[in-house]
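Start counting at 1 in the sequence shown, then tack on 72, and there's your number in this note's numbering.
C-beta: ideal position from N, C-alpha, C; glycine also.
Everything numeric in this text was worked out from a predicted model, so none of it was measured.
Beneath this line is the structure, given in structure tokens, with notes to follow.
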Amino acid sequence: MVHVSRLGVEAITGKPYKPTTQGKNERFHQTLFRYLDKQPLADTLAELQAQVDAFDRIYNTERPHQGLPGRVTPQMAWHATEKVEAPRPNPERPLFVQTAAKPPRPARVLAPTELPSGTYVRKLTTAGSFTLAGVHYMVGGRHGLQQVLIITKYDRITVADLDGEVLIEHTRPAAGVIYVGNGRPRGPRPASADTSPKS
73 MVHVSRLGVE AITGKPYKPT TQGKNERFHQ TLFRYLDKQP LADTLAELQA
123 QVDAFDRIYN TERPHQGLPG RVTPQMAWHA TEKVEAPRPN PERPLFVQTA
173 AKPPRPARVL APTELPSGTY VRKLTTAGSF TLAGVHYMVG GRHGLQQVLI
223 ITKYDRITVA DLDGEVLIEH TRPAAGVIYV GNGRPRGPRP ASADTSPKS
């Protein structure tokens, strides 16, 4: 890490819980695993390393790569590409300059003139709740930080997403009540005993 940093290379990581940002790496692993599945089961780490080394040689020098023009091998593409000298760090300039974080893009908020009477746009808390007239209402954790429409009519409070899908409905509580749950038990939901349709 220190060596490549001195060469001007900035180490970056993918976003946590965002596997799509690691797509090329994951795709390469899939190809490697398919190759290893067809090999005899390695008894030692040295045998497994020899199988991975053989895969690297085949992948880079023999196997036409469908992502490269003319389906050439990675080694052919490497040799055909003009090389540039690696950047050298400038001692006058620090390697890493802390840049100011970009402010989050504001979500579209409906102007009050566009909303019917008794309808509000609110952003839920991280726990998926909101407060209205001193009462704390629970919608659900999976909706945390989501903007929602809160529609109050008579004794009903309806919460919908910005597309109009109803997320939950509450009856306005009696005087003195300061918390209204969503009818589900607290904590993580138990795993369903039903088989997933994708299983």
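Which same chain residues, not among the five before or five after residue i, have their C-beta less than 8 Å away from its C-beta?
i, result
"residue 252", "207, 208, 209, 210, 242 and 245"
"residue 130", "107"
"residue 201", "208, 209, 210 and 211"
"residue 239", "211, 212, 215, 220, 231, 232 and 233"
"residue 127", "104, 107 and 108"
"residue 190", "223, 224 and 225"
Just the Cα atoms here: how many angstroms apart are residue i and residue j?
i, j, result
"residue 226", "residue 217", "27 Å"
"residue 98", "residue 223", "45 Å"
"residue 135", "residue 141", "14 Å"
"residue 105", "residue 144", "22 Å"
"residue 152", "residue 114", "36 Å"
"residue 81", "residue 237", "47 Å"
"residue 219", "residue 101", "38 Å"
"residue 235", "residue 86", "31 Å"
"residue 118", "residue 109", "17 Å"
"residue 124", "residue 111", "10 Å"
"residue 248", "residue 204", "13 Å"
"residue 187", "residue 255", "28 Å"
"residue 122", "residue 154", "31 Å"
"residue 250", "residue 194", "18 Å"
Put residue i into one of helix, strand or coil per three-state DSSP.
i, result
"residue 101", "helix"
"residue 204", "strand"
"residue 231", "strand"
"residue 249", "coil"
"residue 220", "strand"
"residue 209", "strand"
Applying the criterion that 16 or more other CB atoms from any shown protein chain within 10 Å of the CB defines a buried residue, is residue i buried or exposed?
i, result
"residue 156", "exposed"
"residue 75", "exposed"
"residue 84", "exposed"
"residue 229", "buried"
Take residue i and list the residues in its own chain whose beta-carbon comes closer than 6 Å to its own, dropping the five residues that flank it on each side.
i, result
"residue 146", "132 and 137"
"residue 120", "114"
"residue 192", "222"
Along the chain, where does the beta strand (DSSP E) that runs through residue i open and close?
i, result
"residue 191", "191-195"
"residue 239", "238-243"
"residue 130", "Unbroken run through residue 130 is the alpha helix (DSSP H), 117-133; no beta strand (DSSP E)."
I'd like the list of long-range same chain contacts for residue i, defined as Cβ closer than 7 Å, with 5 residues on each side in sequence excluded.
i, result
"residue 198", "216 and 217"
"residue 196", "202, 211, 215, 216, 217, 218 and 220"
"residue 149", "140"
What residue does the alpha helix (DSSP H) around residue i start on, and which one ends it?
i, result
"residue 49", "Missing from the structure shown is residue 49; the chain here goes from 73 to 271 and no further."
"residue 152", "146-152"
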